[in-house]
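The sequence shown begins at 2 in the working numbering and counts up one residue at a time. Here's the structure we're looking at; comments come further down.
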Amino acid sequence: MLRAQGRAVHQCDGGWVPVFVDQEQSISLMSVGFLLENPDEAVVWRGPKKNGNAAVRLPASPSCPRGTHKSMRESCGSCAPSAPGFSALIKQFVSDVAWGQLDYLVVDTPPGTSDEHMATVDALRPYSPLGALVVTTPQAVSVGDVRRELTFCRKTGLQVLGVVENMSGFVCPHCAECTNVFSQGGGEELATLAGVPFLGSVPLDPELCGSLEEGRDFIRDFPKSSAFPALFSIAQKVLSQAPARLS
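Written out as structure tokens, the structure is:
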């Protein structure tokens, strides 16, 4: 999506340097994928490796214009760290990355209510997170999973900014007729029952899918897409909730 494949993370005096995805360095990114030597490698940690407290630490190198650093993929003898647990790694992604001054920190997580989700909430709690943006598709199976996500948010004291219904109908690019491929209204019904805001529905759009696959700027390239007004409206609703919490 962001054309960041193959990029390496480095360590400097201020911590890990995130990967910047644009020349202006307005968007920075951190992912466990950057720490893998092989992009097809599966990360499978169980038991002590999954929940361990070991931290990744690498010695510095004096060859970096941004400050001393060493590539996170490099290792040599005594400097090769043991694998940290996911929980410990999540905490490092929050506290040990040289993020600099941020407007927003967005954490993208898969569906679930696992130890990793709990570790994410705990790591972010000292920074008073704005809340969770919950995404579902319209069909009952997905709505059921997301219902448990909302329960998780309540139990952990995490505010829900709202629910978004993704893949909400397919708009024909030729006649503009909308076909509800995966049912409809499940996200809005869930939001109503849970008493949280419903932020909107995003239709299936081949142009959006292709843009994401190729790492292009969808908002710039397809302003007339049916998904554009939906995404713009959702973003505006989320941003309207931010100032009171950031002040």
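From the three backbone atoms N, C-alpha and C, an ideal C-beta is built for every residue, glycine too.
Contact under 9 Å by Cβ, residue i with residue j
| i | j | result |
| --- | --- | --- |
| residue 203 | residue 232 | yes |
| residue 212 | residue 100 | no |
| residue 199 | residue 164 | yes |
| residue 130 | residue 122 | yes |
| residue 31 | residue 214 | no |
| residue 156 | residue 120 | no |
| residue 219 | residue 227 | no |
| residue 87 | residue 38 | no |
Helix, strand or coil at residue i according to DSSP, with G and I counted as helix
| i | result |
| --- | --- |
| residue 13 | strand |
| residue 29 | strand |
| residue 131 | coil |
| residue 34 | helix |
| residue 162 | strand |
| residue 122 | helix |
| residue 138 | coil |
| residue 44 | coil |
Whole-angstrom distance between residue j and residue i, CA atom to CA atom
| i | j | result |
| --- | --- | --- |
| residue 109 | residue 176 | 34 Å |
| residue 18 | residue 194 | 43 Å |
| residue 183 | residue 189 | 14 Å |
| residue 42 | residue 4 | 19 Å |
| residue 134 | residue 159 | 10 Å |
| residue 21 | residue 8 | 9 Å |
| residue 238 | residue 97 | 31 Å |
| residue 186 | residue 137 | 11 Å |
| residue 10 | residue 26 | 15 Å |
| residue 209 | residue 140 | 21 Å |
| residue 235 | residue 24 | 27 Å |
| residue 103 | residue 128 | 12 Å |
Which ranges does the alpha helix (DSSP H) cover as unbroken runs of at least 4 residues, wholly within the segment 168-244, from first to last along the chain? 187-195, 207-215 and 219-222
Segment contact, 8 Å Cβ cut-off, at least three pairs: the segment 168-186 with the segment 149-159: Contact fails: fewer than three Cβ-Cβ distances are below 8 Å.
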